[in-house]
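Structure record follows, encoded as structure tokens.
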Amino acid sequence: MELPLILINFKCFFSGKKALNLAKICDQVSKNYKVNIAIAPQFTDIASIAKSVKIPVFAQHLDAVEKGAFTGHVSAEALKEAGAKGVIINHSEKKLPIEEIEKCVAIAKKHKLITVCCTDSLEEGKKIAKLKPDFIAYEDPVLIGTGKAISRVKPDSVKEFVEVLRDLEPKVKVLCGAGISRGEDVAKALELGTVGVLVASSVVKAKNPKKILTEFLNFIRKK
């Protein structure tokens, strides 16, 4: 996957036509600025959006199951067939024990899905890094949705996280998230050693999502 990366989590803010419209905006901005944007819509929108855009579509969650009697679960095979390129695992709003994270990463890899594992601490991050996901997203749940960017409020924590994980598992790439709402926040995240950001509210709640995305990408291009 091309870097740097902006991964936009739609959460449950948009569905159907509204989700598709936002996806198309993200797709167009990514194309215009030649910076990689990926999106994570709700499960029910993955297939229709994946057919309509060229940017990578991620799932917001994955259950550690294969085929079988698992009512209400979401399998990696189903996500792959729907058109997903990757999956978010262990978001702060969908926490999992480390044993489940391990199973999810293994199943996702089996089905060739890019893995983005979230964590809210260095200690958990080190455990997850040993599982060798593609990305680890470091987020402070207290800052999520506040507009107070982790890259500016806790720069030392982000820098330490990047350095420790780089020494532990050099191939695991680090994103950061929580409160990222301005171009300066994205630029600071990259300056601290991350390869991109995981965002939600600043884009999905924006009156003009194209404007905020353009600001993000302009600052990336300045780096």
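In our numbering, the protein residues as written are 93 to 315. Cβ atoms here follow ideal geometry from the backbone N, Cα and C, with glycine treated the same way. Computed from a prediction, not measured in an experiment: that's the story for all the values here.
Report, in whole angstroms, the separation of the C-beta atoms of residue i and residue j, which I expect to be a contact under 8 angstroms.
{"i": "Ala-200", "j": "Leu-154", "result": "6 angstroms"}
{"i": "Ser-184", "j": "Asp-212", "result": "6 angstroms"}
{"i": "Val-208", "j": "Ile-181", "result": "7 angstroms"}
{"i": "Pro-225", "j": "Val-197", "result": "5 angstroms"}
{"i": "Ile-98", "j": "Gly-288", "result": "6 angstroms"}
{"i": "Val-179", "j": "Ala-221", "result": "Actually they are not in contact, since the Cβ atoms of Val-179 and Ala-221 sit about 17 angstroms apart, beyond 8 angstroms."}
{"i": "Lys-159", "j": "Glu-173", "result": "The Cβ separation is near 12 angstroms, so there is no contact."}
{"i": "Cys-210", "j": "Ala-229", "result": "5 angstroms"}
{"i": "Val-127", "j": "Ile-304", "result": "Actually they are not in contact, since the Cβ atoms of Val-127 and Ile-304 sit about 14 angstroms apart, beyond 8 angstroms."}
{"i": "Lys-177", "j": "Val-149", "result": "6 angstroms"}
{"i": "Leu-260", "j": "Lys-218", "result": "6 angstroms"}
{"i": "Lys-202", "j": "Phe-227", "result": "Contact flag wrong, Cβ pair sits at about 18 angstroms."}
Among the options, which residue has its Cα nearest to the Cα of residue i?
{"i": "Gly-175", "options": "Phe-253, Ile-206, Val-278 and Glu-192", "result": "Ile-206"}
{"i": "Ser-107", "options": "Ser-140, Gly-160, Asn-128 and Glu-194", "result": "Ser-140"}
{"i": "Gln-134", "options": "Lys-303, Ala-292, Phe-311 and Thr-306", "result": "Ala-292"}
{"i": "Gly-164", "options": "Thr-136, Lys-109 and Lys-103", "result": "Thr-136"}
{"i": "Cys-109", "options": "Glu-94, Ile-138 and Glu-252", "result": "The residue you asked about is not Cys; residue 109 is Lys in the sequence shown. Ranking Glu-94, Ile-138 and Glu-252 by Cα distance to Lys-109 puts Ile-138 first."}
{"i": "Val-254", "options": "Leu-188, Thr-286, Ser-273 and Glu-192", "result": "Thr-286"}
{"i": "Glu-216", "options": "His-203, Thr-306, Gly-275 and Pro-189", "result": "Pro-189"}
{"i": "Val-278", "options": "Glu-307, Leu-260 and Val-264", "result": "Glu-307"}
{"i": "Arg-274", "options": "Ser-243, Val-264, Lys-265 and Glu-252", "result": "Ser-243"}
{"i": "Ile-129", "options": "Phe-162, Glu-94 and Ser-167", "result": "Glu-94"}
DSSP state of residue i, grouped into three classes?
{"i": "Asn-101", "result": "strand"}
{"i": "Asn-124", "result": "helix"}
{"i": "Lys-219", "result": "helix"}
{"i": "Phe-150", "result": "strand"}
{"i": "Thr-211", "result": "strand"}
{"i": "Gly-359", "result": "Limits of the chain in this structure are 93 at one end and 315 at the other, which puts residue 359 out of reach."}
{"i": "Ile-242", "result": "helix"}
{"i": "Leu-305", "result": "helix"}
{"i": "Phe-227", "result": "strand"}
{"i": "Val-197", "result": "helix"}
{"i": "Lys-280", "result": "helix"}
{"i": "Lys-299", "result": "coil"}
{"i": "Leu-188", "result": "coil"}
{"i": "Lys-143", "result": "helix"}
{"i": "Ile-236", "result": "coil"}
Is the separation between the beta-carbon of residue i and that of residue j shorter than 8 angstroms?
{"i": "Leu-282", "j": "Glu-231", "result": "no"}
{"i": "Pro-247", "j": "Leu-214", "result": "no"}
{"i": "Phe-105", "j": "Lys-280", "result": "no"}
{"i": "Pro-301", "j": "Ile-117", "result": "yes"}
{"i": "Glu-194", "j": "Leu-171", "result": "no"}
{"i": "Leu-341", "j": "Phe-102", "result": "Nothing can be reported for residue 341: it is not among the residues displayed for the chain, which extend from 93 to 315."}
Taking Cβ positions only, does residue i come closer than 8 angstroms to chain C?
{"i": "Gly-164", "result": "Protein chain content of the structure displayed is limited to a single chain, and chain C is not contained in it."}
> For the 8 angstroms Cβ check, are there 3 or more pairs between the stretch 113–123 and the stretch 140–153?
Replying inline: The stretch 113–123 is in contact with the stretch 140–153.
> Would the stretch 234–242 and the stretch 264–271 be scored as touching if the rule is three or more Cβ pairs under 8 angstroms?
Replying inline: yes
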